[in-house]
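Visitor: Residue numbers (UniProt numbering): 1 to 459.
Quick reminder that beta carbons are idealized off the backbone N, C-alpha and C, glycines included.
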Amino acid sequence: MSLTYEQMNLVKGTIPALREHGEHISTVFYKTMLKEHPELNNYFNAVNMKNGTQPRALTKLILAFASNISHTSELTPKLERVANKHTSLGIQPEHYEIVCKYLMRAFAAVLGKDMTSEVRVAWTKAYWIMANMLSNREQQIYREFKGWEGWRRFIVDKKTRETREGDMVSFELKPVDGSPLPSFMPGQYISLRVRVPGSGYLQIRQYSLSDRPRPDRYRITVRKVPERHEGCSCENGHTPPSRRSPTLRSHSRSSSFSTAVESTTGDSFLGLMDYGVKKQGVVSGLLVDEILEGDTLELTHPTGDVYLDTKNDSSSTPLVFISASVGVSPMLSMLNTIIEKDPNRPISWVQGSKHSIPFEEYVTDLAKAHPNIKTTFFNTGMGNKDLAESTDSLGFGYYLEWLKADDMFFNNKSAEYFICGPQQFMLDISNYLTTNGVALSQVRYELHATGFFELEEGF
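1) For the putative contact between SER356 and ARG214, defined by C-beta atoms under 8 Å, what is the C-beta separation to the nearest angstrom?
2) Can the beta-carbon of ILE190 be found closer than 7 Å to that of LEU299?
3) For ARG195, I'd like the list of residues in its chain whose CB is within less than 6 Å of its CB, leaving aside the five on either flank, ordered along the chain.
4) Out of curiosity, what's the CA-to-CA distance linking LEU61 and SER67?
5) With respect to the alpha helix (DSSP H) encompassing SER117, which residues constitute its N-terminal and C-terminal limits?
6) What is the C-beta distance between PHE154 and ARG219, in whole angstroms, given that I count them as a contact (C-beta under 8 Å)?
7) When you compare only the Cα positions, how much space is there between VAL443 and LEU319?
8) Whose CA, out of MET8, GLY178, TYR399 and VAL328, lies closest to the CA of LYS125?
9) Return the chain-ordered ranges of every alpha helix (DSSP H) run that is complete within the UniProt domain "Globin" (2 to 139) and spans a minimum of 4 residues.
10) Could you tell me if ASP428 is buried or exposed, where buried requires 16 or more neighbouring beta carbons within 10 angstroms of its beta carbon?
11) Does the structure place the segment 80 to 87 close enough to the segment 302 to 319 that three or more beta carbon pairs sit under 8 Å?
12) Once the 5 residues before and after ILE373 are set aside, which same chain residues still bring their CB inside 7 Å of it?
13) If you run the structure through DSSP and keep just helix, strand and coil, what is LEU436?
14) Which two residues bound the contiguous alpha helix (DSSP H) that contains THR364?
15) Out of GLN423, PHE425 and ASP407, which one is the CA nearest neighbour of ASN436?
16) Taking only beta-carbon atoms, is ASP428 less than 7 Å away from chain C?
17) When the Cα of residue 469 is compared with those of PRO55, TYR102, LYS78 and LEU10, which residue comes out closest?
18) Which value, in whole angstroms, describes the spacing of the CA atoms of GLU293 and LEU173?
19) By how many angstroms is the C-alpha of GLU74 removed from the C-alpha of ARG143?
20) Label SER179 either buried or exposed according to how many other C-beta atoms from any shown protein chain fall within 10 Å of its C-beta, with 16 as the threshold for buried.
21) Among TYR432, GLY421 and GLN423, whose alpha-carbon lies nearest the alpha-carbon of LYS404?
22) Specify whether the segment 14 to 24 and the segment 52 to 59 touch according to this definition: at least 3 beta carbon pairs, one from each stretch, less than 8 Å apart.
23) Helix, strand or coil for ALA405 per DSSP?
24) Relative to the C-alpha of LEU400, which residue among ALA415, PHE425, ASN411 and LYS413 is closest?
25) Could you have a look at GLU298 and say whether DSSP puts it in helix, strand or coil?
26) Please work out which residues of its chain come closer than 8 Å, Cβ to Cβ, to LEU79, disregarding the five sequence neighbours upstream and downstream, and give them in chain order.
27) Just to confirm my understanding: we take ASP295, look at its own chain, exclude 5 residues before and 5 after, and list those with CB closer than 7 Å. What are they?
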């Protein structure tokens with residue numbers, strides 16, 4: 001299926017209307033589709049639907065596709081992220097049929113007379129070009145899973161507190177069936193689903209796998225996100241009482257372990273309506289406060305498009321890992337993997353947090369044993385806002401000026417940089433790297449939020 005020149009122009013001609021009404025279109029689409037197909041509510045983050053993050057992410061994707069309709073190959077990086085997220089959720093080809101029906105209906109409802117029959121035909125064809133690009137890639141990824149289909153049950157073998165505040169907890173997860181686990185690329189994630197009390201549907205979140213691959217277990221670390229009631233701007237949040245106190249065991253810092261971060265599942269054509277999950281941090285709070293050793297959780301196969309490629313022989317290429325707060329998650333996976341595979345590779349580790357720094361002792365001990373690892377830790381202690389979200393002049397950007405150029409490998413044009421954290425944090429770090437001569441091609445970003453990380457707004 002291809003578009004004619006005239007049809008491409010018709011699609012491009014809707015861009016002004018999409019910029020003005022795109023979020024309304026997305027909202028109507030979700031509301032109508034999920035009302036008539038409530039089973040789809042099981043797939044995505046209800047909070048992101050409630051606060052509008054999900055519709056905005058869909059709007060940006062639609063605009064990106066319309067703007068690049070004559071050269072869709074330029075969308076490959078964005079679609080790769082979506083395809084990986086879809087496979088972590090279990091999206092199948094039949095879902096695209098449903099989406100097409102309700103998306104075109106939403107276009108017509110919002111655009112009115114501007115949605116002529118010719119425009120409808122052009123946009124339907126455009127949609128299926130994008131849908132087929134996604135679906136074909138997703139089927140390739142599913143084949144790479146080699147027999148692991150859908151959700152697999154894991155038992156919580158160990159639960160460990162990782163910060164003094166107790167807001168970050170690691171879970172070592174072993175498969176209930178005892179069969180060996182597939183490997184993964186360091187930096188990838190799993191999906192985890194739970195049923196939130198009072199909710200009629202399941203909730204899914206992504207968590208980075210942050211230890212090196214092991215055949216008998218995966219490890220994630222969850223940061224408890226403070227709950228914020230709808231319509232309430234309080235910073236401290238409201239934490240419901242636990243059904244029982246968590247049992248936490250300390251572990252030896254000489255061992256390798258992983259961390260993870262609660263992310264979102266919003267990079268998709270599907271979404272969730274409000275069905276009782278109105279507060280931020282409901283899932284992370286449930287995991288940290290309620291899930292105990294011996295409980296079971298459901299996971300999908302590891303996936304993700306941002307990772308360190310360990311298959312290439314780049315032992316002399318320096319690596320720079322920069323993270324804020326729980327953005328340390330995929331970085332620790334990469335660090336542990338590299339130390340096992342190539343213990344002498346040049347590495348710079350830059351990490352910050354507003355409170356106690358997770359895994360600081362472990363990374364420090366690792367650096368003592370491996371002189372090739374250079375470490376820098378920042379603790380801003382800036383009140384209620386995480387340093388990664390702060391725009392204060394004494395936030396993370398202030399401390400970047402203390403970094404040594406040699407430690408950051410600015411003179412090595414082959415050095416690879418990995419950044420993980422909220423969008424503003426990554427924008428600040430990106431500007432810092434660019435100012436110091438680092439090319440964009442050297443940098444990989446993992447955004448723990450819905451949508452895509454953009455250095456510039458718009459498409």
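Guide: With the given structure in hand:
1) As a working note, residue 356 is residue 356 in the sequence shown. As a working note, residue 214 is residue 214 in the sequence shown. About 26 Å separates the two Cβ atoms, so there is no contact after all.
2) Here residue 190 is taken as the residue at index 190 of the sequence shown, counted from 1. Here residue 299 is taken as the residue at index 299 of the sequence shown, counted from 1. Yes, the Cβ-Cβ distance between ILE190 and LEU299 is below 7 Å.
3) The sequence position of residue 195 within the sequence shown is 195, counting from 1. These residues qualify, in order along the chain: LEU202.
4) Taking the first residue of the sequence shown as 1, we reach residue 61 at position 61. Taking the first residue of the sequence shown as 1, we reach residue 67 at position 67. Cα to Cα, LEU61 sits roughly 10 Å from SER67.
5) For the purposes of this step, residue 117 is taken as the residue at position 117 of the sequence shown. Residues 117 to 144.
6) Within the sequence shown, the letter at position 154 stands for residue 154. Within the sequence shown, the letter at position 219 stands for residue 219. Not confirmed; about 11 Å, so no contact.
7) Position 443 of the sequence shown holds residue 443. Position 319 of the sequence shown holds residue 319. The straight-line gap from Cα to Cα measures roughly 10 Å.
8) For the purposes of this step, residue 125 is taken as residue 125 along the sequence shown, with counting starting at 1. When only C-alpha atoms are compared, the closest one is MET8.
9) 5 to 13, 15 to 36, 46 to 50, 53 to 67, 76 to 89 and 93 to 111
10) Numbered from its first residue, the sequence shown carries residue 428 at position 428. Classification for ASP428: buried.
11) yes
12) Locating residue 373 in the sequence shown gives position 373, where the first residue counts as 1. Cβ within range, chain order: ILE347, TRP349, LEU366 and ALA367.
13) Position 436 of the sequence shown holds residue 436. The sequence given here places Asn at residue 436; Leu does not occur at that position. In the structure shown, ASN436 sits in coil (DSSP, three-state: anything other than H, G, I, E or B).
14) On the sequence shown, position 364 is the one that residue 364 refers to. Here the alpha helix (DSSP H) through THR364 covers 360 to 369.
15) As a working note, residue 436 is residue 436 in the sequence shown. The shortest C-alpha separation from ASN436 is found at ASP407.
16) Of the protein chains in this structure there is only one, and it is not chain C.
17) Lying before the first or after the last residue shown, residue 469 is absent from the chain, which here runs from 1 to 459.
18) Start at 1 with the first residue of the sequence shown, and residue 293 comes out as number 293. Start at 1 with the first residue of the sequence shown, and residue 173 comes out as number 173. When rounded, the distance between both Cα atoms is 9 Å.
19) As a first step, residue 143 is located in the sequence shown; it is residue number 143 there, counting from the start. As a first step, residue 74 is located in the sequence shown; it is residue number 74 there, counting from the start. Near 25 Å, if we compare the C-alpha coordinates of GLU74 and ARG143.
20) Locating residue 179 in the sequence shown gives position 179, where the first residue counts as 1. Exposed, by the Cβ-count rule.
21) Residue mapping note: residue 404 aligns to position 404 of the sequence shown, counting from 1. Nearest of TYR432, GLY421 and GLN423 to LYS404, Cα basis: TYR432.
22) Taking a cut-off of 8 Å on C-beta distances, the segment 14 to 24 touches the segment 52 to 59, as three or more cross pairs fall below it.
23) What you label residue 405 is simply residue 405 of the sequence shown in a count that begins at 1. DSSP places ALA405 in helix when its eight states are reduced to three.
24) As a first step, residue 400 is located in the sequence shown; it is residue number 400 there, counting from the start. Nearest option by C-alpha distance: PHE425.
25) For this step, residue 298 is matched to residue 298 along the sequence shown. DSSP places GLU298 in strand when its eight states are reduced to three.
26) Counting from one through the sequence shown, the residue named residue 79 turns up at place 79. So the qualifying residues of the chain are MET130, MET133, LEU134 and ARG137.
27) The count along the sequence shown starts at 1 and reaches residue 295 at position 295. Within the same chain, ASP295 has close Cβ partners VAL156.
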